[in-house]
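Below is one structure, written out as structure tokens; comments come after it.
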Ligand SMILES: [Zn+2]
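Residue numbers (this note's numbering): 63 to 265.
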């Protein structure tokens with residue numbers, strides 16, 4: 063498995079292309095389609111996963127789905143966020159057509175193109191935050207960063223839920239974390255990071 067990080071030109075968010083043999087999966091949709099297509103290089107895209115509905119992670123979702131001819135998987139609460147500019151923070155950005163979406167609830171597991179993808183509902187930064195585990199790589203969106211956690215003061219954010227989500231993540235068997243912004247990190251770095259923020263949120 064190979065993971066390519068593509069940073070959006072304008073939004074500073076990460077889009078990931080995960081190459082697994084002949085199939086690719088995409089996590090988040092903030093980078094220009096052109097830049098993503100260059101990495102995919104005509105391979106089949108099995109699915110797009112959204113970590114949450116903030117515009118910097120979802121703005122090009124429909125564009126990618128059209129181009130790569132695949133479905134968009136996301137937590138079901140994303141409908142509310144994507145339907146409302148004030149909740150996704152994009153200027154004039156909203157989605158009205160959810161035909162290309164597959165909605166997920168709670169935690170679970172998918173089998174797509176012979177690959178296992180686990181998903182974990184991790185609210186706290188938003189009501190629609192999902193983390194995805196492919197092999198031992200965790201795609202954490204804005205829940206977890208290299209050194210930090212996502213803001214809990216935006217619409218749908220909640221400190222208590224964030225604390226529960228961190229506890230959930232601690233029990234996931236991952237080796238690397240690929241975050242929605244900034245660089246990726248390893249398990250030992252996250253052990254430290256998570257415990258700092260567990261203490262902070264428990265106060
Ligand atoms: Zn966000």
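We put the CB at the ideal spot given by N, CA and C, even for glycine.
{"Query": "Sort 85, 196, 224 by Cα distance to residue 186 and report the nearest one.", "Result": "224"}
{"Query": "Beta-carbon distances below 5 Å to any heavy atom of ligand 1 define the shell here; list its residues in chain order, please.", "Result": "116, 204"}
{"Query": "With three or more beta-carbon pairs closer than 8 Å as the criterion, would you say the segment 139 to 158 touches the segment 97 to 115?", "Result": "yes"}
{"Query": "I need the straight-line Cα distance from residue 80 to residue 153, nearest angstrom please.", "Result": "29 Å"}
{"Query": "In whole angstroms, what separates the C-alpha of residue 131 from that of residue 163?", "Result": "12 Å"}
{"Query": "For residue 136, list the residues DSSP reports as bridge partners.", "Result": "165"}
{"Query": "Can you check which of these residues, 262, 121, 211, is closest to residue 266 by C-alpha distance?", "Result": "Because the chain here runs from 63 to 265, residue 266 falls outside it and cannot be looked at."}
{"Query": "Using the Cβ count rule (16 or more neighbours within 10 Å means buried), how would you classify residue 216?", "Result": "exposed"}
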